[in-house]
Amino acid sequence: MLKIRMRKIRHKVAIISGKGGVGKTTVAVNLAIAFALNGYRVGILDADIHGPSIPKMLGLSGKRLEVGPPGIFPAIGPLDIRVVSMDFLLPDENTPVIWRGPLKMTAIRQFLSDIVWGELSLLLIDLPPGTGDEP
């Protein structure tokens, strides 16, 4: 299912750094807005499991993902940007996520394969800092 869903996305760009707090999320959001303003269909996967902040930056805090027969649908942000974040699955923003590496990678893979992104020009993947224990 992952390959089928990813075929509908022309470009996938991972935004990563070995250190936290260097602006990965800001870069991801600014790129999404710039591409959307230029007519591209854009999605963002907030894969920073421990510190999901894209929903807050895009004014989507408190939103929930819609579920239907083909899968899970992203939240729709400004400029029709498709957004998926762990934040949408937590009861509130103060709920901690204490998963270890393999479980985090499983969640990210699950997001990529179960989300019905539709046709996208670009999917930006905002990854957690590279200092974790992900394989």
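Count the sequence shown with our numbering and you get residues 31 to 165, in order.
We put the CB at the ideal spot given by N, CA and C, even for glycine.
{"Check": "Which value, in whole angstroms, describes the spacing of the CA atoms of ILE46 and TRP147?", "Outcome": "21 angstroms"}
{"Check": "Is LYS38 helix, strand or coil by DSSP?", "Outcome": "coil"}
{"Check": "Count Cβ pairs between the region 102 to 114 and the region 31 to 41 that sit closer than 8 angstroms; are there 3 or more?", "Outcome": "no"}
{"Check": "Express the C-alpha separation of ASP78 and PRO158 in angstroms, rounding to a whole number.", "Outcome": "4 angstroms"}
{"Check": "Can you list, in chain order, the residues of its chain whose CB lies under 6 angstroms from that of LEU150, leaving out five sequence neighbours each side?", "Outcome": "ILE39, ARG71, GLY73"}
{"Check": "Measuring straight from C-alpha to C-alpha, what distance separates MET31 and ILE145?", "Outcome": "10 angstroms"}
{"Check": "What does a CB cutoff of less than 6 angstroms around VAL43 pick up in its chain, not counting 5 residues either side in sequence?", "Outcome": "LEU154"}
{"Check": "Tell me whether ARG112 sits in a helix, a strand or coil according to DSSP, three-state version.", "Outcome": "strand"}
{"Check": "What are the boundary residues of the alpha helix (DSSP H) that includes LEU153?", "Outcome": "It is not in any alpha helix (DSSP H) - LEU153 instead sits in the beta strand (DSSP E) that spans 150 to 156."}
{"Check": "Once you ignore the five residues that flank ASP117 on each side, which residues in its own chain have a CB closer than 6 angstroms to its CB?", "Outcome": "PRO82, PRO85"}
{"Check": "Closest to GLU96 by C-alpha separation, out of ASP76, LEU119, LEU109, would be which residue?", "Outcome": "LEU119"}
{"Check": "Can you check the region 72 to 106 for any alpha helix (DSSP H) of at least 4 residues that lies completely inside it and give the ranges in chain order?", "Outcome": "84 to 87"}
{"Check": "Tell me which residues share the same chain as SER115 and place their Cβ nearer than 6 angstroms to its Cβ, disregarding the 5 neighbours each side in the sequence.", "Outcome": "ASP76, PRO82, ILE84, PRO85"}
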